[in-house]
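Residues 28 to 143, numbered by my numbering, are exactly what the sequence shown covers, in order.
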Amino acid sequence: MDNKITRLYFDGKTNKDYCMVNNAIFKTSDGNIIEIDRDETYSSVENGILSMEWRGIYIWNSDTGEQNYDIPKEVFENAELVELELEDDAPDEDYNIEITEWSTNRYDCEELEVAI
Numbered sequence: 028m029d030n031k032i033t034r035l036y037f038d039g040k041t042n043k044d045y046c047m048v049n050n051a052i053f054k055t056s057d058g059n060i061i062e063i064d065r066d067e068t069y070s071s072v073e074n075g076i077l078s079m080e081w082r083g084i085y086i087w088n089s090d091t092g093e094q095n096y097d098i099p100k101e102v103f104e105n106a107e108l109v110e111l112e113l114e115d116d117a118p119d120e121d122y123n124i125e126i127t128e129w130s131t132n133r134y135d136c137e138e139l140e141v142a143i
């Protein structure tokens, strides 16, 4: 079985009917801060509930511009989602996303039944 992570899943709440997330910042269990980006985004917003699937994820090195697709699953074990960085051109200053669940496996994210 492949030990690499290629997808991330996020569930949360938002106050808009669109998704404008640029990347995600994680703190790994050993204290390293990593920036995760992706090749493809699939998202939906329904009644204030946001679901996102990121495919083709990679660790982005903003200093060198390098993309590292070789991400072992251990990178995300006990990792903490520090923040989602929004796109620079997000249209509203009051745009808000609160992630309530994230996972490397879709079946680990719980269905949210709460609307804001």
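Ideal Cβ positions, reconstructed from N, Cα and C, are used throughout, including at glycine.
Can you tell me where the beta strand (DSSP E) with residue i in it begins and where it stops?
i: F103; result: No beta strand (DSSP E) holds F103; DSSP gives it neither H nor E.
i: I124; result: I124 to S130
DSSP beta-bridge partners for residue i?
i: V48; result: L113
i: K43; result: According to DSSP, K43 bridges with nothing at all.
i: D64; result: Y85
i: Y69; result: E80
i: N95; result: I86
i: E38; result: Reading the sequence as shown, one finds Asp at residue 38 and not Glu. Answer is S78 and E128, bridged to D38.
Here's the rule I'm using: 16 or more other beta-carbon atoms within 10 Å means buried, otherwise exposed. How should residue i be labelled?
i: Y45; result: exposed
i: I60; result: exposed
i: G39; result: buried
i: T41; result: buried
i: R65; result: buried
i: S78; result: buried
i: P118; result: exposed
Would a check of beta-carbon distances place residue i closer than 8 Å to chain C?
i: K100; result: In the displayed structure, chain C is absent; only one protein chain is listed.
Quiz prompt | Validate contact between the region 50-66 and the region 100-115 using beta carbons, cut 8 Å, 3 pairs | solution = yes
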